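The number in the working numbering is simply the position in the sequence shown, starting from 1, with 27 added.
Working notes, beginning with the structure itself.
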Amino acid sequence: MPETKVALITGSAKRIGAAIASMFHEHGFNVIVHANKSIAEANELVADLNSARANSAVVVFANLNNLAAIETLAAEALDAYGRLDVLVNNASAFYPSKFADATQSQWDDLFNSNVRAAYFLSQQVAPDLSQHNGTIINIVDTHADKPLADHSIYNMAKAALKTMTKSLAKDLGPAIRVNGVSPGAILWPTQLENEADPAVMENRKKILESIALNRLGSSEDIANMTYFLATDASYITGQVIKVDGGRSLS
């Protein structure tokens, strides 16, 4: 009987990360849920997954701004089930950094969470991934290509992650495939959640009008593409696939 495959998803306690973890679990993977501050959400998700299939999910906690913690995370992930087949670098900090007021602290935080952690975690687990012809999937962002105003550091960090995807595809092939998923408008950001505010509703209307499919996507749309690239796309590597409802056409 073949050994159960294992996926590690960073930043997977909630939202898109949780959807990705659930998707792999539904397809028979054991999953390793990583979180930093979302402790309750991570424990709840793992409990739900284990109630569906015993001993099929574990949680690991780590601050990805800390290189030593990344090494510990990698070791704990590999110890959990004795193998690793898929790494999904999903963890990400996201907030504005107006150019005139941007700080080195913001730079370090946004680059660490979006790029540095993904790079060094990939480095740590690559030897095991290579033994299983594993895959790395990086969750990028449409703003790597179409920058969001007042988010210059975040935009650059995601652009670096996109370039990292292509670079590692060359460096780690043929044993490991490396691809990326670039979400468009999936979930309304916090500043666009107030449906009672006319300005918010007008902004939301403009966003929807810029999307060819005229609607937001869902976390499951990102999870579906992530799973496809990790498991079915055996001749695809070094690609970053837009999942944006056609918004990039506008």
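Backbone N, C-alpha and C define an ideal beta-carbon position, used for all residues, glycine too.
All values derive from a computational prediction rather than experimental measurement.
- Shown here, Arg274 sits in a helix according to DSSP, grouped into three states.
- A distance below 9 Å separates the beta carbons of Ala145 and Asn116.
- Residue state for His61 is assigned as strand, using DSSP reduced to three classes.
- With respect to Ala212, Leu188 sits apart: the two C-beta atoms are not nearer than 9 Å.
- Burial state of His54 is exposed, judged by a 10 Å Cβ sphere holding fewer than 16 other Cβ atoms.
- Comparing C-alpha distances from Glu30 to each of Arg242, Glu220, Asp75, Tyr108 shows the shortest one belongs to Tyr108.
- Annotation for Tyr254: Ile47, Met50, Phe51, His54 place their beta carbon closer than 8 Å to its own, counting only its chain and skipping 5 residues before and after.
- Asn165 is positioned such that its CB atom lies no closer than 9 Å to that of Asn221.
- In the DSSP assignment, the residues bridged to Leu35 are Ile59, Leu114.
- Taking C-alpha positions only, His61 is separated from Leu100 by approximately 8 Å.
- Inter-residue distance for Ile268 and Leu256 is about 9 Å (C-alpha atoms, whole angstroms).
- With fewer than 16 other beta carbons inside 10 angstroms of its own, Thr130 counts as exposed.
- Taking every protein chain shown into account, the CB of Thr192 has 16 or more other CB atoms within 10 angstroms, so this residue is buried.
- In this model, Leu114 and Thr162 are separated by some 6 Å (Cα to Cα).
- Within the region 217–244, complete alpha helix (DSSP H) segments of at least 4 residues are found at 225–236, given in chain order.
- Sorting Ala120, Ala95, Asp112 by C-alpha distance to the C-alpha of Gly44 places Ala120 at the top.
- Our two residues, Asp259 and Lys64, have alpha carbons roughly 33 Å apart in a direct line.
- When Pro123, Thr169, Asp168, Asn93 are compared, the shortest CA-CA separation from Arg143 is found for Asn93.
- For Asn206, the beta-bridge partners assigned by DSSP are Ile164.
- In the DSSP assignment, Ala89 falls outside any beta strand (DSSP E) and carries neither an H nor an E.
- Beyond the five residues adjoining it in sequence on each side, Val208 comes within less than 8 Å, by CB distance, of Ile164, Asn165, Ile166, Val167, Ile249, Met252, Thr253, Leu256, Val267, Ile268, Val270 in the same chain, given in chain order.
- Around Arg42, the same chain offers Leu214, Ser246 as residues with beta carbons nearer than 7 Å, after the five sequence neighbours per side are excluded.
- When DSSP reads this structure, Ser124 sits in a beta bridge with His178.
- Per DSSP, reduced to three states, the secondary structure at Lys269 is strand.
- Spatial neighbours of Ser157 in its own chain (CB-CB distance under 8 Å, excluding positions within 5 residues in sequence) are listed in chain order as Leu199, Ala202, Ile203.
- Sixteen is the threshold: since fewer than 16 other Cβ atoms of the shown chains lie within 10 Å of the Cβ of Pro216, the residue is exposed.
- Of the other Cβ atoms in all chains shown, fewer than 16 fall within 10 Å of the Cβ of Gly273; this residue is therefore exposed.
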